[in-house]
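Numbering (UniProt numbering), first residue to last: 1 to 368.
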């Protein structure tokens, strides 16, 4: 590296699935060169506005939101917000003078990367899903490099710009060996009972939560432990819907801050099929039951999940039958040692390691 201090702007977010890869890339850049100055640009009111400063990075918020599927006031305001966000983005690029702009998907990456490319700043896209979002599709034409997590993405993006890197995963998540004792203490659970970790992401997933509520007695009757990340939207309501003292095996949590410990203790993981979650599961090598969300663009979570299911690396339960079938499927799996071993072996083969470092090096190659 030269003596010049490099400046990188990273834009996007809206969900943990976009944000956590962005933070992993920032951390990787800092590992390569601690003097790099990194600025995040996110959407006001979204997860990144709290989590990025907590991770030690500066962030600027844009007043941008996505288009809703039905006619709403927000949709009528979209052109106004877009113009405001574009104007602010051009100002950010002019003032910060980034050497490279990185987009991780989500509304905020659109205006910022458009402004950067118009000002001659090289841009890198990081697409987490097997089916790309509309923002990245629109930005692809002007991108210098597009980092993807799945094969076959040339149907959406120019083939010459593609690089198969996998999805960046937070480093601490991968370090789960030898943490079982720490995990049992952290969650107040037993090391001698089998454990399911259920996560609907940082916001939670209604179907997954209702599936558990419908089968709570199964966890008590079968002596199976449950780490239940229900999400902030559902936590207070769920706390009132059952008596936790009656279910000592069930640990209801709004958000699991030490997800590495949850992974370390889990015998089976139940989750949505967001791209970041799937990347984590491949690297922690645990048997998984996936329930793709039906409320995402182009049903991309089902496509993500099927990439594993087709290789016998995960089990799929459809959202519309989950309330009756999910818990029985997970409980059958937790008792089937042969099936668990096969799923673990097959999912481990799909993991792409060091994705954040690979992407960080590609970003730095574009510095003029």
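Using N, Cα and C, we set each Cβ at its ideal position, and we do this for glycine too.
Distance between beta carbons of residue j and residue i, contact taken as under 8 Å
i	j	result
residue 229	residue 272	Their Cβ separation, rounded to whole angstroms, is 11 Å, which puts residue 229 and residue 272 out of contact at 8 Å.
residue 275	residue 167	6 Å
residue 369	residue 10	Given a span of 1 to 368 for the chain in the structure shown, any question on residue 369 remains unanswerable.
residue 12	residue 121	Rounded, the Cβ-Cβ distance is 16 Å, inconsistent with contact.
residue 363	residue 29	7 Å
residue 124	residue 102	5 Å
residue 204	residue 231	2 Å
residue 197	residue 269	5 Å
residue 180	residue 267	Residue 180 to residue 267, Cβ: 11 Å. No contact.
residue 333	residue 287	6 Å
residue 173	residue 263	7 Å
residue 108	residue 164	With a Cβ gap of about 25 Å, residue 108 and residue 164 do not count as contacting.
residue 117	residue 142	4 Å
residue 303	residue 190	Not a contact, Cβ separation roughly 38 Å.
Distance CB(residue i)-CB(residue j) smaller than 9 Å
i	j	result
residue 7	residue 132	no
residue 176	residue 284	yes
residue 265	residue 314	no
residue 151	residue 356	no
residue 291	residue 343	no
residue 222	residue 331	yes
residue 326	residue 211	yes
residue 64	residue 44	yes
residue 169	residue 279	yes
residue 252	residue 183	no
residue 346	residue 311	yes
residue 134	residue 297	yes
residue 219	residue 213	no
residue 199	residue 259	yes
residue 242	residue 216	yes
residue 350	residue 305	no
residue 201	residue 17	yes
residue 119	residue 94	yes
Residue i classed as buried or exposed, judged by whether at least 16 other C-beta atoms fall within 10 angstroms
i	result
residue 256	buried
residue 335	exposed
residue 1	Annotation note: pLDDT 48 at residue 1 (below 50); position unreliable, coordinate value reported separately. Residue 1 should be labelled exposed.
residue 324	exposed
residue 370	Outside the shown range of the chain (1 to 368) lies residue 370, about which nothing can therefore be said.
residue 359	buried
residue 51	buried
residue 319	buried
residue 138	exposed
residue 178	exposed
residue 47	buried
residue 368	exposed
residue 365	exposed
residue 56	exposed
residue 111	buried
residue 277	buried
residue 115	buried
residue 54	exposed
residue 15	buried
residue 25	buried
residue 237	exposed
residue 328	exposed
residue 153	buried
residue 159	exposed
residue 3	exposed
residue 239	exposed
residue 88	buried
residue 155	exposed
residue 5	exposed
residue 321	exposed
Which residues DSSP lists as bridging residue i, in chain order
i	result
residue 123	101
residue 253	229
residue 244	Note: residue 244 sits in no beta bridge, so no partner.
residue 37	7
residue 61	42
Residue i: CB within 8 Å of a non-hydrogen atom of the ligand MG
i	result
residue 7	In terms of ligand content, the structure shown is empty, and the ligand MG therefore cannot be addressed.
Enumerate, from N- to C-terminal direction, the unbroken beta strand (DSSP E) stretches of 3 or more residues contained entirely within the region 185–212. Within the region 185–212, the beta strand (DSSP E) runs of at least 3 residues that lie entirely inside it are, in chain order, 195–199.
What beta strand (DSSP E) runs, 3 residues minimum, are completely inside the region 116–184? 123–127, 145–148 and 162–164
At which residue ranges does the region 210–234 contain complete beta strand (DSSP E) runs of 3 or more residues, listed in the order of the chain? Correct list: 225–229.
Quick one: complete beta strand (DSSP E) runs, 3+ long, within the region 265–338? 268–271 and 288–290
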